[in-house]
Amino acid sequence: MAERLSLFMRTNRWIWPFLGVLILWIILASLTARFSLHSLSGVAISASFLLLPALGQMLVITTGKGNIDLSIPGVVTLSAYLSVYTATGSNTGFVVTLAVVSLIAGLIGLCNAILVLLLRIPAMIATLATGYILATATLIVNSQIGLFTRPPALGFLAAGRIFGFPVICVLALVAVAATALLLSRSAYGRKLFAVGQSAEAAYLTGIRVAPIIASTFVASSVVSGLTGVLLSGYAGGAFLEMGTPYLLQSVGAVVLGGTLIAGGSATALGTLFGGMLLVMIVTTMQIAGLPPGAQDILQGIVVISVLSVAGTKMRR
C-alpha cells in the first residue's frame with residue numbers, strides 16, 4: 001500500500017500543489033474571518049488569468065536546455081493596449097481584435113524562436129530583450145489610444161458568470177483539459193517530451209526538433225496575448241504595469257505545479273494548482289499586511305526553494 005501511494009505521488013506531481021492549496025485554505029479560513037468561499041472564488045479568478053501564460057511558459061520550459069519565455073509580461077501588456085486601441089464596442093470588432101492580437105503575438109513568438117534557434121542566443125537573454133522592445137512598443141500604442149468601449153463578448157468572457165460561476169474560470173479549466181490531452185494523447189506531446197529529455201536523441205529518431213521548440217514559443221506568446229485581451233476586458237482598460245506580475249508568477253506556477261525545470265516532463269493540472277497555490281500565498285501575504293516589495297521577495301524565495309529541491313533530486 002505504501003509503495004503504491006509513493007508511486008502515485010511520483011507519477012502525479014500535481015497532488016503536492018493541490019494539497020498545498022487545501023492546507024493553506026484551511027489555515028486561512030480558521031485564522032481569519034476575511035477568508036471564505038467567496039475569497040476562494042477571487043483566488044480562482046486571479047489564478048485563471050495567470051493560468052494561460054503559465055501554460056505557455058510550461059510548454060517552453062518542457063523543451064529543456066534552459067528555455068524560458070521572459071517576454072510574457074511585455075506581450076500581455078502590449079496585447080491589452082492593442083485590445084483597447086482596436087476596440088469598437090461591437091462583437092464584430094472584438095473578432096478583429098482577437099485576430100490582430102493573435103497575429104502580432106504569434107509573430108513575437110516566432111521572433112523569439114528565431115533568436116534562440118537560428119542566432120543561438122540563450123532563451124533567457126533573447127526573450128528578455130524582446131520584452132524590452134515590447135515595452136517601447138507599448139508606450140507608442142499608449143500615446144495613440146482613446147476611450148475604451150468594451151465589447152459585450154469581451155465583458156462576458158472576462159467578467160461574466162454562468163449560474164454564478166466565473167466564465168474566466170471555465171475558460172481556464174477548458175485550457176487545462178485541452179493542454180493535458182495535447183501532452184498525454186497526441187503525437188505532438190510525445191515529441192515535446194522527447195525533445196525535452198534529449199534533443200539530440202529526438203533528432204536521431206527523426207523528430208524535427210527546431211519546429212517543436214519554435215511552436216512552444218509561438219504558443220506561449222499567443223496565449224499571453226489572449227490573456228492581455230481578457231485582462232483589458234476585466235479591468236476596463238490597460239495600464240503599463242499590467243503584465244509585470246506574470247514574469248515571476250508564470251514561472252512559479254509551473255515549477256510549483258511539478259513540471260521539471262530541466263524539461264522532458266510537464267503537468268497541466270499541476271500548473272493549475274501551482275497557480276492557485278501561488279495566488280493563495282500572495283493573498284496570505286496581503287492579509288498579513290506585507291508591503292508589495294516583501295511579497296515579491298517571498299515569492300522569489302518560494303520559487304528558489306522549489307528549484308533547489310528539484311535540482312537536488314536531478315543530481316541524485
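Residue numbering for the sequence shown follows our numbering, starting at 1 and increasing by one per position.
Even glycine gets a Cβ: it sits at the ideal position worked out from N, Cα and C.
Quantities reported herein were computed from a predicted structural model and do not represent experimental measurements.
Buried/exposed call for residue i, threshold 16 Cβ in 10 Å
{"i": "residue 13", "result": "buried"}
{"i": "residue 249", "result": "buried"}
{"i": "residue 125", "result": "exposed"}
{"i": "residue 127", "result": "buried"}
{"i": "residue 286", "result": "exposed"}
{"i": "residue 87", "result": "buried"}
{"i": "residue 361", "result": "As displayed, the chain neither begins before 1 nor continues past 316, which places residue 361 out of reach and without an answer."}
{"i": "residue 215", "result": "buried"}
{"i": "residue 144", "result": "exposed"}
{"i": "residue 123", "result": "buried"}
{"i": "residue 138", "result": "buried"}
{"i": "residue 211", "result": "exposed"}
{"i": "residue 30", "result": "exposed"}
{"i": "residue 72", "result": "buried"}
Cβ separation of residue i and residue j, assumed to be a contact under 8 Å, to the nearest whole Å
{"i": "residue 76", "j": "residue 220", "result": "Incorrect: roughly 11 Å between the Cβ atoms, too far for contact."}
{"i": "residue 43", "j": "residue 283", "result": "6 Å"}
{"i": "residue 227", "j": "residue 55", "result": "Actually they do not touch by this definition, with Cβ atoms about 10 Å apart."}
{"i": "residue 209", "j": "residue 195", "result": "5 Å"}
{"i": "residue 247", "j": "residue 70", "result": "7 Å"}
{"i": "residue 229", "j": "residue 96", "result": "That pair is no contact at about 12 Å."}
{"i": "residue 280", "j": "residue 25", "result": "7 Å"}
{"i": "residue 63", "j": "residue 192", "result": "7 Å"}
{"i": "residue 261", "j": "residue 61", "result": "6 Å"}
{"i": "residue 114", "j": "residue 130", "result": "In fact, because the Cβ distance is near 11 Å, the residues do not count as touching under 8 Å."}
{"i": "residue 183", "j": "residue 268", "result": "6 Å"}
{"i": "residue 273", "j": "residue 257", "result": "6 Å"}
{"i": "residue 263", "j": "residue 197", "result": "7 Å"}
{"i": "residue 82", "j": "residue 104", "result": "7 Å"}
{"i": "residue 254", "j": "residue 58", "result": "5 Å"}
CB of residue i within 8 Å of CB of residue j, strictly
{"i": "residue 213", "j": "residue 67", "result": "yes"}
{"i": "residue 265", "j": "residue 271", "result": "no"}
{"i": "residue 149", "j": "residue 74", "result": "no"}
{"i": "residue 157", "j": "residue 171", "result": "yes"}
{"i": "residue 45", "j": "residue 168", "result": "yes"}
{"i": "residue 252", "j": "residue 278", "result": "yes"}
{"i": "residue 231", "j": "residue 80", "result": "yes"}
{"i": "residue 50", "j": "residue 275", "result": "yes"}
{"i": "residue 52", "j": "residue 235", "result": "no"}
{"i": "residue 65", "j": "residue 201", "result": "no"}
{"i": "residue 94", "j": "residue 151", "result": "yes"}
Enclosing alpha helix (DSSP H) for residue i [first to last residue]
{"i": "residue 241", "result": "No alpha helix (DSSP H) holds residue 241; DSSP gives it neither H nor E."}
{"i": "residue 127", "result": "123-142"}
{"i": "residue 156", "result": "152-159"}
{"i": "residue 145", "result": "Per DSSP, residue 145 belongs to no alpha helix (DSSP H) and is neither H nor E."}
{"i": "residue 284", "result": "268-287"}
{"i": "residue 193", "result": "187-197"}
| Ordered list of alpha helix (DSSP H) runs contained in the region 39-105, each at least 4 residues | 72-86
| Those runs of the beta strand (DSSP E) which lie wholly inside the region 200-265 and span at least 3 residues | none
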